[in-house]
Each structure stands twice: as C-alpha cells, then as structure tokens.
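Taking it in order: structure first as structure tokens, then the write-up.
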Amino acid sequence: QVQLVQSGAEVRKPGASVKVSCKTSGYSFTSHGISWVRQAPGQGLEWVGWISPYNGNTNYGQRFQGRVTMTTETSTSTVYMEVKSLRSDDTAIYYCAREGIGVRVDYWGQGTLVTVSS
Amino acid sequence: DIVVTQTPLSLSVTPGQPVSISCKSSQSLLHSDGKTHLYWYLQKPGQSPQLLIYEVSRRFSGVPDRFSGSGTGTDFTLTISRVEAEDVGIYYCMQGVQLRFTFGPGTKLDIK
Chain A
1 QVQLVQSGAE VRKPGASVKV SCKTSGYSFT SHGISWVRQA PGQGLEWVGW ISPYNGNTNY
61 GQRFQGRVTM TTETSTSTVY MEVKSLRSDD TAIYYCAREG IGVRVDYWGQ GTLVTVSS
Chain B
1 DIVVTQTPLS LSVTPGQPVS ISCKSSQSLL HSDGKTHLYW YLQKPGQSPQ LLIYEVSRRF
61 SGVPDRFSGS GTGTDFTLTI SRVEAEDVGI YYCMQGVQLR FTFGPGTKLD IK
C-alpha cells in the first residue's frame, strides 16, 4: 500500500533552517510527483511547492521562492524539503502528499510539526 | 493565484440528515487536458487530510457512496446524503488546474 512517512517534530530558532524528510513506499517513486502543504496552528491548508522525482523539476509557491528547496533521493525513495531563514510564522505542520495518476494530490504523510521560537 | 472560497464555514448536522458545501473559484477549473481539477478533502480531528472526491465528482478508493460531488466551471458542491458521526471534521476544496494549488478556507462539520 502507498505510504508516506515523515520525519519527527523539529524546533528551531528564528533565522535557522530545517530539513524535513518524506520516505515513500508502495509505488514507483519516480512515477509520481510530491507536493508539500503546510498548516499553521488552527489554520487552513497552504500549498508550499512540488517536485518531480523523475527529473527533479520543482515549482514553489511565490511566497516561498528563495527560502524553500525540495530535493529527492531515488535510492531511498525519499523526498526532502528544506526551509531557510525561518520566521515565527513558519510554525506549522508540514505535510508531504503524493500526486496520483490524473489526481493532483491523493495520499498524504502524517505531517511534521516545525516550531520556530526564540 | 486562483482564489477558492467555501460556504458555509461551519455547520452542525443531525445524523442521517443531508448536507451540502459550496466551493467557488475565481477562474474556471477546466484544464486543457479536458478534466476539471476540483478536489474535496476531509481532515478528521488530529489527522492528515484524506482525499474524498477528485475531478469534481469521482469518488476516491474506499470513499462511501453517501459522498458525491457536482458542478462545472467555477461553482462546485460536495453533498453528503446522510451524515454519520464519523464524518466530523473540516472539509476543504482544492483547485488543481494550476500547479500552484490553492485550497478553500475549509468548512467545519460537527454533529448535533
């Protein structure tokens, strides 16, 4: 079965960086893109960006351009998202989510809480 | 970016009653691939979102048939024919016609 398992919760100070992982299994890794979506405490869902594990192409939301980098590691079927220059309003649960066949987002990871606090 | 709105933002329903949630987008969600990329997700308390409906009206694997979707262009509706206790949570619609996906604000459903 399709599974996306994310790394554990992180705490960072403002200005620091964080790298979150999303290990996938149960399907052909290079055949499906991965989106990252975040959810601030008590708030709705916000799309962060997308990466193709097939060729490494990325597309980032405008407000994340220059601060977010998404990468893949085919040998372990893992996708990474790094966020730099963290601010307090980056505090959120970050989800990875798979692009299905003809479906933009089908399966979701369990989420990773990133807390930015001095 | 495409703006997506939802109404109502919250509702309380008696089990067994029907419910409808409206979703509107600022642009048509009809893609050049011929598909309309409107999706519905349910986020149950303390869980990740889960896909209910894709391409306006197609139920995802394992989704009960009491869930249905309809609409065209910019106006869409999610209908639950008979609400059950397990349906509580926040319902989000999402547009996928542009790669920079955007979500509606969510509709919180609880049971009376």
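Chains as they are written, first to last, in this note's numbering: chain A, 1 to 118; chain B, 1 to 112.
Backbone N, C-alpha and C define an ideal beta-carbon position, used for all residues, glycine too.
{"query": "Who are the near neighbours of threonine 69 of chain A in its chain, counting only those whose CB is closer than 6 Å to its CB and skipping five residues on each side?", "result": "Glu82"}
{"query": "Considering just the uninterrupted stretch of the beta strand (DSSP E) at asparagine 59 of chain A, what are its terminal residues?", "result": "58-60"}
{"query": "Less than 8 Å between C-beta atoms, sequence neighbours within five positions excluded: which residues of the same chain meet that for threonine 131 of chain A?", "result": "For residue 131 of chain A there is no data in the structure shown, the boundaries of chain A being 1 and 118."}
{"query": "Which residues in the same chain have their Cβ closer than 6 Å to the Cβ of cysteine 148 of chain B, if we skip the five residues on either side of it in sequence?", "result": "In the structure as shown, chain B begins at 1 and stops at 112. Residue 148 of chain B is therefore absent and cannot be evaluated."}
{"query": "Which one of B:Lys44, B:Thr102, B:Gln95 has the shortest CA to CA distance from leucine 109 of chain B?", "result": "B:Lys44"}
{"query": "If you count every other CB in all the chains shown that lies within 10 Å of the CB of glutamine 1 of chain A, and 16 or more means buried, which is it?", "result": "exposed"}
{"query": "Mind listing which residues of the region 8-40 of chain B have their C-beta closer than 9 Å to chain A's C-betas, in chain order?", "result": "Asp33, Lys35, His37, Tyr39"}
{"query": "For cysteine 26 of chain B, which residues in the same chain have their Cβ closer than 6 Å to its Cβ, ignoring the five residues on either side in sequence?", "result": "It is worth fixing the name first, because residue 26 of chain B is serine in this sequence and not cysteine. Contacts found: Ile2, Val3."}
{"query": "Could you pull out every residue in the same chain whose Cβ sits closer than 7 Å to the Cβ of threonine 71 of chain A, ignoring the five residues on either side in sequence?", "result": "Tyr80"}
{"query": "Find the nearest neighbour of tyrosine 91 of chain B within the set B:Leu78, B:Leu99, B:Ala85, B:Val83, judged by alpha-carbon distance.", "result": "B:Leu78"}
{"query": "Determine the contact status of glycine 16 of chain B and valine 63 of chain B, defining contact as a CB-CB distance below 8 Å.", "result": "no"}
{"query": "What residue does the beta strand (DSSP E) around glutamine 6 of chain A start on, and which one ends it?", "result": "3-6"}
{"query": "If you measure between the beta carbons of serine 20 of chain B and threonine 107 of chain B, is that distance less than 8 Å?", "result": "no"}
{"query": "Apart from the five residues just before and just after threonine 74 of chain A, which ones in its own chain have a Cβ nearer than 8 Å to its Cβ?", "result": "Phe29, Thr30, Pro53"}
{"query": "Can you find the residues in the same chain that come closer than 8 Å, C-beta to C-beta, to threonine 78 of chain A, ignoring five residues on each side of it along the sequence?", "result": "Ser21, Cys22, Lys23, Thr24, Thr72"}
{"query": "Could you check the C-alpha separation between glycine 34 of chain B and glycine 73 of chain B for me, to the nearest Å?", "result": "12 Å"}
{"query": "State buried or exposed for isoleucine 101 of chain A, treating a residue as buried only when at least 16 other CB atoms are found within 10 Å of its CB.", "result": "exposed"}
{"query": "The beta strand (DSSP E) with phenylalanine 76 of chain B in it runs from where to where?", "result": "75-80"}
{"query": "Kindly identify the DSSP beta-bridge partner or partners of valine 114 of chain A.", "result": "A:Glu10, A:Ala92"}
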